[in-house]
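Participant: If you use our numbering, the sequence shown corresponds to residues 3 to 404, in order.
Each residue gets a CB set at the ideal place from its N, CA and C atoms; glycine is no exception.
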Amino acid sequence: AGEANVPFFSISGSEFVEMFVGVGASRVRDLFQKAKHNAPCIIFIDEIDAVGRQRGFGMGGGHDEREQTLNQILTEMDGFEKDTNVIVVAATNRPDVLDAALMRPGRFDRRVIIDMPNLIEREAILEVHARNKPMDKDVNLKKVAQKTPGFSGADLENLLNEAAILAAKNNREKVKAEDLDNSIEKVGLGPERKSRRLNEEEKKITAYHEVGHALVGKMLPGCDPVEKVSIIPRGMALGVTWFLPEEDKHLKSVSKFKDELCSLIGGHSAEKLIFGEVTTGASSDLKRATDIARRMVMEYGMSEDLGPVIFGDQSAASFLGAEFGSKANYSEAVASKIDDAVSKIIHEAQSRTNKILNDNKPLLEKISQVLLKKEVLSKEEFDTFFEDKKGAPKKKVASGKK
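1) In the DSSP assignment, what are the bridge partners of G406?
2) My guess is that L72 and R57 are in contact by the Cβ rule of under 8 Å, so how many angstroms apart are they, rounded?
3) Just to confirm before moving on: does the CB-CB distance between V299 and V344 stay below 9 Å?
4) Comparing alpha-carbon positions, which option in L365, S232, D183, G268 lies nearest R195?
5) How would you label A27, buried or exposed, when you count the other beta carbons within 10 angstroms and need 16 or more for buried?
6) Using the rule of at least 16 other Cβ atoms within 10 Å of the residue's Cβ for burial, across every protein chain shown, is G54 buried or exposed?
7) Within this structure, are the beta carbons of L366 and I276 separated by less than 9 Å?
8) Beta-carbon within less than 7 Å of N120's beta-carbon, same chain only, minus the 5 sequence neighbours each way: which residues are those?
9) Report, in whole angstroms, the separation of the C-beta atoms of I45 and F11, which I expect to be a contact under 8 Å.
10) Buried or exposed: where does R236 fall if 16 or more other Cβ atoms within 10 Å of its Cβ makes it buried?
11) Compare the beta carbon distance of G283 and L240 with 9 Å and say whether it is the shorter of the two.
12) CB E67 to CB V23, shorter than 9 Å?
13) Could you work out which residue in G155, N362, M221 is closest to E125 when comparing CA atoms only?
14) Would L379 pass as a contact of K230 if the rule is Cβ separation under 9 Å?
15) If you run the structure through DSSP and keep just helix, strand and coil, what is E20?
16) When the Cα atoms are used, what is the spatial distance from G192 to V311?
17) DSSP on G323, reduced to helix/strand/coil?
18) Below 8 Å, can you find three or more Cβ-Cβ pairs linking the stretch 157-173 to the stretch 130-146?
19) What residues in its chain sit with their C-beta under 6 Å from that of K274, if we drop five residues either side in the sequence?
20) Please check the pair C43 and V91, which I expect to be a contact at CB under 8 Å, by giving their CB distance rounded to whole angstroms.
21) Straight-line CA distance for E180 to V146?
22) Since K149 and I186 should fall inside the 8 Å C-beta cutoff, what is the C-beta to C-beta distance between them, to a whole number of angstroms?
23) Between which two residues does the alpha helix (DSSP H) carrying L128 extend?
24) Starting from S232 and walking both ways along the beta strand (DSSP E), at which residues does that stretch end?
25) Compare the beta carbon distance of A52 and T86 with 9 Å and say whether it is the shorter of the two.
26) Just to confirm, does E204 get its C-beta within under 8 Å of one of the non-hydrogen atoms of the ligand HEM?
27) Check this for me: beta carbons of S370 and K220, under 9 Å apart or not?
28) Is it the case that the Cβ atoms of T243 and A272 are separated by a distance below 9 Å?
29) Taking the alpha carbon of M79 as the reference point, which residue from L104, P97, N95 has its own alpha carbon closest?
30) Let's test the definition: count the other Cβ atoms within 10 Å of the Cβ of V114 and tell me whether it reaches 16, buried, or not, exposed.
31) Could you pull the DSSP bridge partners for M137 from this structure?
32) On the premise that C264 lies in contact with V336, defined as a C-beta separation below 8 Å, what is that separation, rounded to the nearest angstrom?
33) If we count the other Cβ atoms within 10 Å of its Cβ and call it buried at 16 or more, is A394 buried or exposed?
34) With DSSP run on the structure shown, which of helix, strand or coil describes D385?
35) Within 10 angstroms of its Cβ, does I116 collect 16 or more other Cβ (buried), or is it exposed?
36) Identify every residue that forms a DSSP beta bridge with V88.
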C-alpha cells in the first residue's frame, strides 16, 4: 500500500464475529463502504479462516452467524456493483478450510504461498535482525543460516534475541559465534535443564540410547550428518542427538525414509542390546517412526504389498464438524493390510538396526563411555571415532533397498 500510495484498511477475521446476530455482516458493509469512499485502496483481512470457513459444517445445523458474515463478504467482493477500485488481500495458515466460493475468480483468485525461507533467504533475514545487535568478528551468518533449515522468520529473529541475551548474561558487549550456536540449540531443541539430575543408571541408559541413534545414523547414507550428541536434559527429553542436513531438501526417497527409521529405532535397539530390556525413553522415537511408516503406506504409496495407492481422503477438510460424517475410503480388510504393511516396514528397519549395532557393538561401547564422561560430543569429536589409522572416514553401510 505504501508503494502504491493508496489508503490501506486492515482488520482481523475474528473482529467480524460477535455474540449479536447481524453485527458481522454490518461490519463488513461498513468496511467496504468506507473503502469505496477512499478508492482506490486496499483492504487486508488477517486470519480470514475465522470467518471464511466452509459453509454447511456448523454444529447443530442451525443458522450460523459466521455464514451470514461470509455471504456479505462474498457479495461485497463480487456482487452486482460495478468496479469499485478496491483490492482485497487476505492471509491464513489454513487454506484447506476456506469456502470454495471465496477462492473463485473475481474474489480471491490469486494465491501467494509463503513457504519457509531457503538458505539465501534465511541469511538475508538474519542480516536484517542483526543490524541492531553488536556482532563479533567470528560470527558468520551464512553458517548460522546453514544450521537452521526449517526455521521461520520469527524463529530466526528469536534466535538472534536469545543469542544477545546469552551474551549479556556472560557480560560480553558483542554476540559471539558460540552464543549463536547455543541459541540455535535452545530454539530448535529446547533449553538445557541442568537442574534435572539423572542417577547413574539413567545417565548410562540415556548415553547408550543417544549413541544408538547417532551410530546407526552415521552408518546409513540416507541419514543427515550428526551435529551433536548430548545427555544433558533438554525440554522434556533426557538426551538429544541432533542431525543437521547439509542443504535444504524438498523430496524424500523410500531409501531415505527407511534409513531415518533405522536411526529413530537405534536408541530402542541399543537399550535392548546392552541392558536386555527397553525403557520409556524410546516412546517418542517409536511414535515418530510409526507415524513415518504409516505415512509411507497411506500417503506416499511406498508400500511394496499395497502398491502406489493413497488411502484416506487427504483433501478432506479436517476442522471441527467435517470429520463427523466422513468415512474411510477403504474396507476393513484393506485397513488390516495397511496395519500389516506398517508393521512390516518397522520390523525391517528394526532388523537392519539390530545388525548394525551388533556388528559395531565395541564402537557403541567406546563412544558411550566417552559420552558419559563428557556429557556432550560435538560433530568433530563424534566423527573421530569413525576414522581409520590413516585418518580417512570409515565407509557407510549400504542403504536398504529392495
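Facilitator: Taking the structure as given:
1) The requested residue 406 does not occur in the structure, where the chain is confined to residues 3 to 404.
2) With 8 Å as the limit, L72 and R57 qualify as a contact, their Cβ atoms being about 7 Å apart.
3) Their beta carbons are under 9 Å apart, which means V299 touches V344 by this criterion.
4) Ranking the options by Cα distance to R195, first place goes to S232.
5) So A27 counts as buried.
6) By the neighbour-count rule (16 or more Cβ atoms within 10 Å), G54 is buried.
7) Note that the C-beta distance between L366 and I276 is below 9 Å.
8) The residues are D250.
9) Right, their Cβ atoms sit about 5 Å apart.
10) With at least 16 other beta carbons inside 10 angstroms of its own, R236 counts as buried.
11) For G283 and L240, yes; Cβs fall inside 9 Å.
12) With contacts defined by Cβ atoms closer than 9 Å, E67 and V23 form a contacting pair.
13) Considering only alpha carbons, the answer is G155.
14) Yes. Within cutoff.
15) Note: E20 maps to coil in three-state DSSP.
16) Distance between the alpha carbons of G192 and V311: 38 Å.
17) Annotation note: pLDDT 44 at G323 (below 50); position unreliable, coordinate value reported separately. DSSP places G323 in coil when its eight states are reduced to three.
18) When C-beta atoms of the stretch 157-173 are compared with those of the stretch 130-146, three or more pairs fall below 8 Å, so the two segments count as touching.
19) These residues qualify, in order along the chain: V280.
20) Actually they are not in contact, since the Cβ atoms of C43 and V91 sit about 11 Å apart, beyond 8 Å.
21) For E180 and V146, the distance between alpha carbons rounds to 11 Å.
22) Sure, about 5 Å apart at Cβ, within 8 Å.
23) L128 -> alpha helix (DSSP H) spans 121-131.
24) 228-232 is the extent of the beta strand (DSSP E) around S232.
25) The Cβ atoms of A52 and T86 do not sit closer than 9 Å to each other.
26) The ligand HEM is not among the ligands present in this structure, which contains no ligands whatsoever.
27) Not in contact: S370 and K220 (Cβ atoms no closer than 9 Å).
28) No, the pair does not count as a contact, with Cβ atoms beyond the cut-off.
29) Nearest to M79 by C-alpha distance, out of L104, P97, N95, is L104.
30) The residue in question, V114, is exposed, as its Cβ has fewer than 16 Cβ neighbours within 10 Å.
31) By DSSP's assignment, M137 forms a beta bridge with V177.
32) Not quite, the Cβ-Cβ distance comes to about 27 Å (not below 8 Å), so this is no contact.
33) Summary for A394: the model assigns pLDDT 43, below 50, so the residue's position carries little reliability, and this model does not support an answer.
34) It is helical.
35) Label assigned to I116: exposed.
36) In the DSSP output, where bridge partners are listed per residue, V88 has C43.
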